[in-house]
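What follows is a short report on a single structure.
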Amino acid sequence: MHSPRPSRRAKRPKKSCASIGRRSPPPRKKARKIVAEARAAGANVRQTIVSQAREEAERMLDQARTSIESEKRAAIAELRRETANLAIQAAGVLIDANLDDEKNRGLVDDLIAKIPESN
């Protein structure tokens, strides 16, 4: 009768598994490598995020500075316009107060008196 011997197929997987086990690094070494790679990748991502955040913060500061300068110029221009309006109003009040015939005649007489006589 035929004895039950393992077939060649049954032996092959054992050899294949054994050879795979010898070629692969030990699980702990592989795990350490994976952890080290993950840490390095995490550090790179962190550095990228920090760099982008700094660039964004600098861009925001530049925009704020530009906006502040623009608003400052607008405020100065508005102050100048308001000052000119106040000066015009004050001059109008003074002119209205000065339109007195007696005062004007007195000023003209004083000016005429100061003109040197021609010989």
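Numbering (the numbering used here), first residue to last: 1034 to 1152.
Here a beta-carbon is modelled for each residue, glycine too, at the ideal position from N, C-alpha and C.
Contact with chain B by residue i, beta-carbon distance below 8 Å
| i | result |
| --- | --- |
| Asp1143 | Among the protein chains of the structure shown there is no chain B, as only one such chain exists. |
Where the alpha helix (DSSP H) containing residue i begins and where it ends
| i | result |
| --- | --- |
| Ile1148 | Note, Ile1148: premise wrong, no alpha helix (DSSP H); not H, not E. |
Own chain, CB closer than 6 Å to residue i, minus 5 neighbours either side, in chain order
| i | result |
| --- | --- |
| Ala1110 | none |
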